[in-house]
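The structure appears right after this line, and notes come after that.
There are 2 protein chains.
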Amino acid sequence: MTEFGFTIHARDGAARLGTVKTPRGEIRTPAFMPVGTQGTVKALMPEAVKATGADIVLSNTYHLMLRPGAERIDRLGGLHRLMNWSGPILTDSGGFQVMSLAHLRKLSEEGVSFRSHIDGSAHLLTPEKSIEAQRLIGSDIVMVLDECTPYPATYDQAAISMALSMRWAKRSRIAHDNGPPRGALFGIVQGSVFADLRRQSAEQLIDIGFEGYAVGGLAVGEGQELMFEAIDASIPHLPDNRPRYAMGVGMPSDIIGAVMRGIDMFDCVLPTRSGRRAKAFTRQGTVNLRNAKHAEDLSPLDSACSCPACTSYSRAYIYHLIKAQEILGAVLVSLHNVQYYQDLMSGIRAAIAEGRLTQFAAEMLAALGKSAKEKLAAGAVD
Amino acid sequence: MTEFGFTIHARDGAARLGTVKTPRGEIRTPAFMPVGTQGTVKALMPEAVKATGADIVLSNTYHLMLRPGAERIDRLGGLHRLMNWSGPILTDSGGFQVMSLAHLRKLSEEGVSFRSHIDGSAHLLTPEKSIEAQRLIGSDIVMVLDECTPYPATYDQAAISMALSMRWAKRSRIAHDNGPPRGALFGIVQGSVFADLRRQSAEQLIDIGFEGYAVGGLAVGEGQELMFEAIDASIPHLPDNRPRYAMGVGMPSDIIGAVMRGIDMFDCVLPTRSGRRAKAFTRQGTVNLRNAKHAEDLSPLDSACSCPACTSYSRAYIYHLIKAQEILGAVLVSLHNVQYYQDLMSGIRAAIAEGRLTQFAAEMLAALGKSAKEKLAAGAVD
Numbered sequence: 002m003t004e005f006g007f008t009i010h011a012r013d014g015a016a017r018l019g020t021v022k023t024p025r026g027e028i029r030t031p032a033f034m035p036v037g038t039q040g041t042v043k044a045l046m047p048e049a050v051k052a053t054g055a056d057i058v059l060s061n062t063y064h065l066m067l068r069p070g071a072e073r074i075d076r077l078g079g080l081h082r083l084m085n086w087s088g089p090i091l092t093d094s095g096g097f098q099v100m101s102l103a104h105l106r107k108l109s110e111e112g113v114s115f116r117s118h119i120d121g122s123a124h125l126l127t128p129e130k131s132i133e134a135q136r137l138i139g140s141d142i143v144m145v146l147d148e149c150t151p152y153p154a155t156y157d158q159a160a161i162s163m164a165l166s167m168r169w170a171k172r173s174r175i176a177h178d179n180g181p182p183r184g185a186l187f188g189i190v191q192g193s194v195f196a197d198l199r200r201q202s203a204e205q206l207i208d209i210g211f212e213g214y215a216v217g218g219l220a221v222g223e224g225q226e227l228m229f230e231a232i233d234a235s236i237p238h239l240p241d242n243r244p245r246y247a248m249g250v251g252m253p254s255d256i257i258g259a260v261m262r263g264i265d266m267f268d269c270v271l272p273t274r275s276g277r278r279a280k281a282f283t284r285q286g287t288v289n290l291r292n293a294k295h296a297e298d299l300s301p302l303d304s305a306c307s308c309p310a311c312t313s314y315s316r317a318y319i320y321h322l323i324k325a326q327e328i329l330g331a332v333l334v335s336l337h338n339v340q341y342y343q344d345l346m347s348g349i350r351a352a353i354a355e356g357r358l359t360q361f362a363a364e365m366l367a368a369l370g371k372s373a374k375e376k377l378a379a380g381a382v383d
Numbered sequence: 002m003t004e005f006g007f008t009i010h011a012r013d014g015a016a017r018l019g020t021v022k023t024p025r026g027e028i029r030t031p032a033f034m035p036v037g038t039q040g041t042v043k044a045l046m047p048e049a050v051k052a053t054g055a056d057i058v059l060s061n062t063y064h065l066m067l068r069p070g071a072e073r074i075d076r077l078g079g080l081h082r083l084m085n086w087s088g089p090i091l092t093d094s095g096g097f098q099v100m101s102l103a104h105l106r107k108l109s110e111e112g113v114s115f116r117s118h119i120d121g122s123a124h125l126l127t128p129e130k131s132i133e134a135q136r137l138i139g140s141d142i143v144m145v146l147d148e149c150t151p152y153p154a155t156y157d158q159a160a161i162s163m164a165l166s167m168r169w170a171k172r173s174r175i176a177h178d179n180g181p182p183r184g185a186l187f188g189i190v191q192g193s194v195f196a197d198l199r200r201q202s203a204e205q206l207i208d209i210g211f212e213g214y215a216v217g218g219l220a221v222g223e224g225q226e227l228m229f230e231a232i233d234a235s236i237p238h239l240p241d242n243r244p245r246y247a248m249g250v251g252m253p254s255d256i257i258g259a260v261m262r263g264i265d266m267f268d269c270v271l272p273t274r275s276g277r278r279a280k281a282f283t284r285q286g287t288v289n290l291r292n293a294k295h296a297e298d299l300s301p302l303d304s305a306c307s308c309p310a311c312t313s314y315s316r317a318y319i320y321h322l323i324k325a326q327e328i329l330g331a332v333l334v335s336l337h338n339v340q341y342y343q344d345l346m347s348g349i350r351a352a353i354a355e356g357r358l359t360q361f362a363a364e365m366l367a368a369l370g371k372s373a374k375e376k377l378a379a380g381a382v383d
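As structure tokens, this is what we get:
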């Protein structure tokens, strides 16, 4: 917690331009965190990730605690050294992945017992164990263990789930504060799509007190409208002077809308996962590089992009690489997508600084939307 | 052919230190050419390949003519532009891959008819068509179509095969000279392990006249001793003032021995293929990164190597990446292996310049051999 801080430099409506300060470096907000699930932002060298403008990456405690193991990471000098990333790292609690194991896990007040997807070995994840694992990993921003309430949930289901998450949040805070000081701790607002549960959750977290607050349980199938409603129901009850993080969000339009509602931090596997699936994000919408129409297209993925994939390679080449199942195809599209997301965030930050976020958002969404409509009209499957 | 030349700067025994000059840049010899089978040195950005010290890459006409197609590559501005490699590119004739299709191909005086391994479509590859394809690709060093004589072969089989290759070499020369001037043309000595066939082949090629001469039919299962014998049988009959290229060679010890016999150029898929298979070449022998003994080893792949994989990452991390099936694992080991091969070549060049190649070779082979013996004694499967 030492040296962790958040400064707001400018506002535009509910949106904030800020800096999260950590001992390992500053994070310009609104920020997008590329996801390095297993201690690597998939297919990319960390220098390349850094060069896109990313100030922080996220890694997944569930994956790392199973392989190579949190204790092993600690013995090896921590994740930063291991993966050659000197900037801040945020780790999740491991809860989201464990909960998604379905029949392989069992929830109790104590925590969640589960079997590894790798070797079937039995494990118990508790709030305390998650904190310890994140500490061993060397996380700069530690997340409390919570239950990401499945969607849809009834009010009663959501209330019971949220209450458990709040008890775990309290235990996480205690465990974090009792250990050697390392990393900031973020609480997570739950409550599904129910506004008064979101409010109750936020208020209970504030009573505990965290260095930052996440809105959790988003991007789980509820759709953008309900996602924004859940954010709107949470934000007014969160302290202004702490960073706010929308976990697992999301598509470019999700991010723009969430920033306009007061969110400061994001993460999502989309840029890298799409990159490995030959889908590029561009200023004119998404492009499927498996489409044969790109076979002789000498234009770049996105003519407005300055990333190495766009400045040195054509769609025709990337189409060839993908058809030929060459690793470089996944590398180039992933690199571009991570750049696209960072460019989106720097565009958002510049717009907030200049008080023109509404205009920026309208232009971005129109460009993305127009393209989608045009494709629909043309019957094109891009 | 314009601007193509070869200069010898120093000699050490039969070994030569030289420069091959091409319109797209100079190649320091002895040279190792990383293989970019499908228009990409697998898993690596071309800037990274260049940074290892590689002056030239090789690409495979068989693969490129099927996908994306030689005509398409021409329409897209040539392979250099497509793959973002501005230095020289050597292309093989396509023959080696076609011959290895076994029951999918049929040999005749005219050429070889075959079915694509991708879609089963029927094709005919002739000396003239190979030259045309390599011209369309934009090759700087074009290889004649030949039959890579299978090993083992009887004397009669080898003689018949070599004679066909020589007739094809003549047709290749004529086709190359009749087209618009582009690229140097190399002939290929065949004759299997039979010294007088190798001599006859070399003499017939010299009668035709080429900008460089390859020794073909090597590294096809004959073993290092017979490989060296085949080289020894060819070299004395080749002109001193032309570069000599041992196709598909090879292991580090193969390269050292071949340089000492007068070979100037090499190519092999080993550094990249091994890279994708978690096998690293090091100054102490090969290392299998799947071996659990590396799980907590903070040392680099090769402590004497200056490549990014060695300066920024530990064996422990690379072991983790490989166990987790992360693309970056293949990237890092491939990058290191390509660097290892380039370091080997620069070490060889420095040794020739200083007249201490014999000593260099003895030290290198001792280090590689000693390591292998130690492992054997320890019963270790590395």
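Same order as they appear, the protein sequences are chains P and V. For reference, each letter of the first sequence is one residue, going 2 to 383 in the numbering used here. For reference, each letter of the second sequence is one residue, going 2 to 383 in the numbering used here. C-beta atoms are modelled at their ideal positions from N, C-alpha and C, and glycine is treated no differently. These figures come from a predicted structure and were not determined experimentally.
Assuming residue 166/P and residue 197/P make a contact with CB atoms under 8 Å, what is their CB distance in whole Å?
Taking the first sequence and counting its residues from 1, one reaches residue 166/P at position 165. Taking the first sequence and counting its residues from 1, one reaches residue 197/P at position 196. At roughly 16 Å, the Cβ-Cβ gap does not stay under 8 Å, so residue 166/P and residue 197/P are not in contact.
Which partner residues does residue 292/P have in the DSSP bridge list?
Position 291 of the first sequence holds residue 292/P. The partner list for residue 292/P (beta bridge, DSSP) is empty, contrary to what the question assumes.
How many Å lie between residue 291/V and residue 323/V at the Cα?
What you label residue 291/V is simply residue 290 of the second sequence in a count that begins at 1. What you label residue 323/V is simply residue 322 of the second sequence in a count that begins at 1. Whole-angstrom Cα-Cα distance: 7 Å.
Restricting to Cα atoms, I'd like to know which of 276/V, 150/V, 76/V, 266/V is closest to residue 317/P.
On the first sequence, residue 317/P is found 316 positions in, with the first residue counted as 1. The shortest C-alpha separation from residue 317/P is found at 76/V.
Scan the segment 19 to 94 of chain V and note each continuous alpha helix (DSSP H) run of 4 residues or more that stays entirely inside, going in chain order.
47 to 52, 62 to 67, 71 to 76, 80 to 84
I'd like to know whether the C-beta of residue 269/V is nearer than 7 Å to at least one C-beta of chain P.
As a first step, residue 269/V must be located in the second sequence, where it is residue number 268. Chain P contact via Cβ: absent.
I'd like to know whether the C-beta atoms of residue 140/P and residue 199/P end up nearer to each other than 7 Å.
Numbered from 1 along the first sequence, position 139 holds the residue referred to as residue 140/P. Numbered from 1 along the first sequence, position 198 holds the residue referred to as residue 199/P. Between residue 140/P and residue 199/P, the C-beta spacing is not below 7 Å.
Report yes if the C-beta distance between residue 150/V and residue 159/V is below 7 Å; otherwise report no.
To locate residue 150/V, count along the second sequence from 1; it is residue 149. To locate residue 159/V, count along the second sequence from 1; it is residue 158. Yes. Within cutoff.
With DSSP as the reference, label residue 178/V as helix, strand or coil.
For this step, residue 178/V is matched to residue 177 along the second sequence. In this structure, residue 178/V counts as helix in the three-state DSSP scheme.
Please confirm if residue 68/P has its CB atom under 7 Å from at least one CB of chain V.
Stepping through the first sequence from its first residue, residue 68/P is reached at position 67. Answer yes: the Cβ-Cβ gap between residue 68/P and chain V drops below 7 Å somewhere.
With DSSP collapsed to three states, give me the class of residue 344/V.
Working through the second sequence from its first residue, we reach residue 344/V at position 343. In this structure, residue 344/V counts as helix in the three-state DSSP scheme.
Would you call residue 125/P buried or exposed, if buried means 16 or more other Cβ atoms sit within 10 Å of its Cβ?
The count along the first sequence starts at 1 and reaches residue 125/P at position 124. By the neighbour-count rule (16 or more Cβ atoms within 10 Å), residue 125/P is not buried but exposed.
Could you run through the segment 83 to 94 of chain P and flag, in chain order, every residue whose CB is less than 7 Å away from some CB of chain V?
83, 84, 85
Within 10 angstroms of the Cβ of residue 363/P, are there 16 or more other Cβ atoms? Answer buried if so, exposed if not.
For the purposes of this step, residue 363/P is taken as residue 362 along the first sequence, with counting starting at 1. Result: exposed.
Spell out whether any CB of chain V is found under 7 Å from the CB atom of residue 60/P.
Counting from one through the first sequence, the residue named residue 60/P turns up at place 59. Taking Cβ atoms only, chain V never reaches closer than 7 Å to residue 60/P, which makes this a no.
Quick check on DSSP: helix, strand or coil for residue 359/P?
Stepping through the first sequence from its first residue, residue 359/P is reached at position 358. In this structure, residue 359/P counts as helix in the three-state DSSP scheme.
Tell me, please, whether the CB atom of residue 328/P is closer than 7 Å to any CB atom in chain V?
For the purposes of this step, residue 328/P is taken as residue 327 along the first sequence, with counting starting at 1. True, the Cβ-Cβ gap to chain V drops below 7 Å.
At a CB-CB cut-off below 7 Å, which residues of chain V make contact with residue 41/P?
Within the first sequence, numbered from 1, the residue matching residue 41/P stands at position 40. What residue 41/P touches in chain V: 322, 327, 329.
Would you check if there are 3 or more beta carbon pairs closer than 8 Å linking the segment 97 to 109 of chain V to the segment 334 to 350 of chain P?
no
Residue from 43/P, 38/P, 88/P with nearest C-alpha to residue 29/P
Stepping through the first sequence from its first residue, residue 29/P is reached at position 28. Checking every option, the nearest Cα to that of residue 29/P belongs to 88/P.
Please report the straight-line C-alpha distance between residue 303/V and residue 51/P, rounded to a whole angstrom.
Walking along the second sequence from the start, residue 303/V turns up at place 302. Walking along the first sequence from the start, residue 51/P turns up at place 50. Whole-angstrom Cα-Cα distance: 26 Å.
Can you tell me which of 85/V, 70/V, 25/V puts its alpha carbon nearest to the alpha carbon of residue 313/P?
Residue numbering aside, residue 313/P sits at position 312 when the first sequence is read from its first letter. The option with the nearest alpha carbon to residue 313/P is 85/V.
Quick one: list the residues of chain V neighbouring residue 313/P, beta-carbon separation under 7 Å, in chain order.
Sequence index remark: in the first sequence, residue 313/P carries index 312 (1-based). Chain V residues near residue 313/P: 85.
Let me check you understand the geometry: is the CB of residue 11/V closer than 6 Å to at least one non-hydrogen atom of the ligand SAM?
In the structure on display, the ligand SAM does not appear, and there are no ligands present to speak of.
Enumerate in chain order the residues of its own chain whose CB-to-CB distance from residue 44/V is below 6 Å, with the five nearest sequence positions on each side excluded.
The sequence position of residue 44/V within the second sequence is 43, counting from 1. Excluding residues within five positions, the ones whose Cβ falls inside 6 Å are 331, 332, 335.
Looking at residue 63/P: is its Cβ nearer than 7 Å to the Cβ of residue 98/P?
Looking up residue 63/P in the first sequence gives position 62. Looking up residue 98/P in the first sequence gives position 97. Yes, these two residues count as a Cβ contact at 7 Å.
Let me know if residue 204/P comes out buried or exposed under the rule of 16 or more other beta-carbons within 10 Å of its beta-carbon.
The residue labelled residue 204/P in the question sits at position 203 within the first sequence. Under this definition residue 204/P is an exposed residue.
What does DSSP give as the partner residues of residue 114/P in its beta bridges?
As a first step, residue 114/P must be located in the first sequence, where it is residue number 113. Beta bridge pairing from DSSP links residue 114/P with 107/P, 125/P.
Collapsed DSSP secondary structure at residue 320/V in the structure displayed
Taking the second sequence and counting its residues from 1, one reaches residue 320/V at position 319. Residue state, collapsed to three classes: helix.
Since residue 76/V meets chain P, which of its residues come closer than 8 Å, beta carbon to beta carbon?
Within the second sequence, residue 76/V is the residue found at index 75, counting from 1. The answer, in chain order, is 297.
Quick one: grab the DSSP three-state call for residue 470/P.
Chain P is shown only over 2 to 383; residue 470/P falls outside these bounds and no answer can be derived.
When you compare only the Cα positions, how much space is there between residue 275/P and residue 6/V?
Within the first sequence, numbered from 1, the residue matching residue 275/P stands at position 274. Within the second sequence, numbered from 1, the residue matching residue 6/V stands at position 5. If you take the alpha carbons of residue 275/P and residue 6/V, they lie about 47 Å apart.
Judging by CA-CA distance, which residue of 33/V, 128/V, 272/V, 21/V is the nearest neighbour of residue 347/V?
The sequence position of residue 347/V within the second sequence is 346, counting from 1. Checking every option, the nearest Cα to that of residue 347/V belongs to 33/V.
Excluding sequence positions up to five away, which residues of its chain have a Cβ less than 6 Å from the Cβ of residue 287/V?
Locating residue 287/V in the second sequence gives position 286, where the first residue counts as 1. 280, listed in sequence order.
Roughly how many angstroms separate the alpha carbons of residue 4/V and residue 231/V, rounded to a whole number?
The residue you call residue 4/V lines up with position 3 of the second sequence. The residue you call residue 231/V lines up with position 230 of the second sequence. Cα to Cα, the separation comes out at about 31 Å.
Mapping DSSP to helix, strand and coil, what is residue 11/P?
One-based indexing of the first sequence puts residue 11/P at position 10. The answer is strand: DSSP assigns residue 11/P an E or B state.
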